[in-house]
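Asks: For the protein sequence lines, the chains are A and B, in the order given.
Under this note's numbering, the first residue of the first sequence is numbered 151, with each subsequent residue one higher.
Under this note's numbering, the first residue of the second sequence is numbered 17, with each subsequent residue one higher.
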Amino acid sequence: MGDASREAERELVLRAQAGDRQAFGDLVARHMRQAYFVALGLVGSHDDALDLSQDAFVRAFRAVQSIDADRPFFPWLYQIVRRLSFNFLRDSKTRRERLATATEWLTAVERDPAEQVERAERRRQVQMAIENLGIREREVLILKEFQGLKYREIAELLGIPMGTVMSRLYAARRSLADELDGKL
Amino acid sequence: MNVTGDGLDRARRLMMSGIDDELSAVERRELDDLLASDPTLRAEWERLFRVKRATGSMKLRNPPEEVWEGYMNTVYRRLERSIGWILASVGAIVVVSYGVWTAISEMIADATVPWYIKAGVLALVVGAVILFVSVVREKLFVRKTDPYKDVVR
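#1: On a CA-only basis, which of 204(A), 218(A), 209(A), 270(A) is nearest residue 156(A)? Give me that one, please.
#2: Contact between the stretch 204 to 212 of chain A and the stretch 297 to 315 of chain A: three or more CB pairs below 8 Å?
#3: Hey, out of 311(A), 308(A), 327(A), whose CA is closest to residue 278(A)'s CA?
#4: Consult DSSP for residue 118(B) and reduce its assignment to one of helix, strand or coil.
#5: Could you please give the first and the last residue of the uninterrupted alpha helix (DSSP H) stretch that includes residue 56(B)?
#6: Should residue 53(B) be labelled buried (16 or more other beta-carbon atoms within 10 Å of its own) or exposed?
#7: Per DSSP, what kind of secondary structure is residue 155(B) in: helix, strand or coil?
#8: Mind listing the chain B neighbours of residue 204(A)? Cutoff is C-beta to C-beta under 8 Å, in chain order.
#9: At a Cβ cut of 9 Å, what residues of the stretch 52 to 66 of chain B count as close to chain A, listed as they run along the chain?
#10: Can you check whether the C-beta of residue 78(B) is within less than 9 Å of a C-beta belonging to chain A?
#11: To which residues of the same chain is residue 19(B) closer than 7 Å at the C-beta, ignoring the five residues directly before and after it?
#12: Could you list the residues in the stretch 96 to 109 of chain B with a C-beta less than 8 Å from some C-beta on chain A, going in chain order?
#13: Around the C-beta of residue 59(B), are 16 or more other C-beta atoms found within 10 angstroms, so that it is buried, or is it exposed?
#14: If we cut at 9 Å on Cβ distances, does residue 349(A) have a partner in chain B?
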């Protein structure tokens, strides 16, 4: 994020804290896609990701006075999305429902009609393998692979050392390699 | 020669950085040397690289554009509802408390009600108030002092 954009965001946070709902709306518009995709990567369902990310903004609005305007907004919001998503995943009832209503949340970067069937099958296998990862390994993999963050950015976002980021990523990829052995 | 112990941890981290193109030139040379000297590590590197290629060819599915158009309205609706719930709850507490207070006042003033019924109802009300205050106090205390409050359940 550039300095101008950072300053504009700081301004929005301060206005939202002063009760300006339009300013909060602008913060939602800025970050809704990122919040949705983080939740989608974690819970693997469009409807649930939408629901959880919107719930995160509602909670953010209620806690708007506690935001430090001098720090970036998204890492703070990320903690809310993350906590809601983790709690959602650990709820055994929702886990059963998720299995019953499994959806496609990954897609091919480039669509080649000639390889469509093969790609669809591989995508399904990769998606299932990611869904079987532990929550923390899955989180790091999603942030790296599908959010395109650098190790340093992931470490800052999660508040963990970079070495831990790499260890979790290794564990995630090792699990995927074991599960997809012979299919890649 | 097989890499073991701390060297293996280092090698795994180097492999991750190599796969994700986050290596410095010095680290790249170190990784190349390790892969050249340890066939087991080389085999693992190739397996992990295949995983990277597979996940790298995929992305998160985009929702329909209408989702973004209605996103903000849904957030606002939820905010309104939460405010509505808070107001309705406060209102309900006030109304129910008033009703209970009025009923108890009338019952106490009613000479036909036996004294032990009056005493029983009073004990019930006082007990309920003590329980309510105790639970609220405990919640507030835990909120202030719980060292695990930020830990994800």
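For each residue, glycine too, the CB sits at the ideal point set by N, CA and C.
All values reported here derive from a predicted model rather than from experimental measurement.
Replies: If we stick to the structure as given:
#1: If we check each option's Cα against that of residue 156(A), 218(A) comes out closest.
#2: no
#3: 327(A)
#4: helix
#5: 55 to 72
#6: exposed
#7: helix
#8: Taking the beta carbon of residue 204(A) as reference, the chain B residues within 8 Å of it are 87, 90, 91, 94, listed in sequence order.
#9: If you check each beta-carbon in the stretch 52 to 66 of chain B against every beta-carbon of chain A, the ones closer than 9 Å belong to 60, 63, 64, 66.
#10: yes
#11: So the list reads 27, 50, 54, 57, once near-sequence residues are dropped.
#12: Hits within the stretch, in order: 98.
#13: exposed
#14: Because chain A is modelled from 151 through 334, residue 349(A) falls outside the range shown and cannot be assessed.
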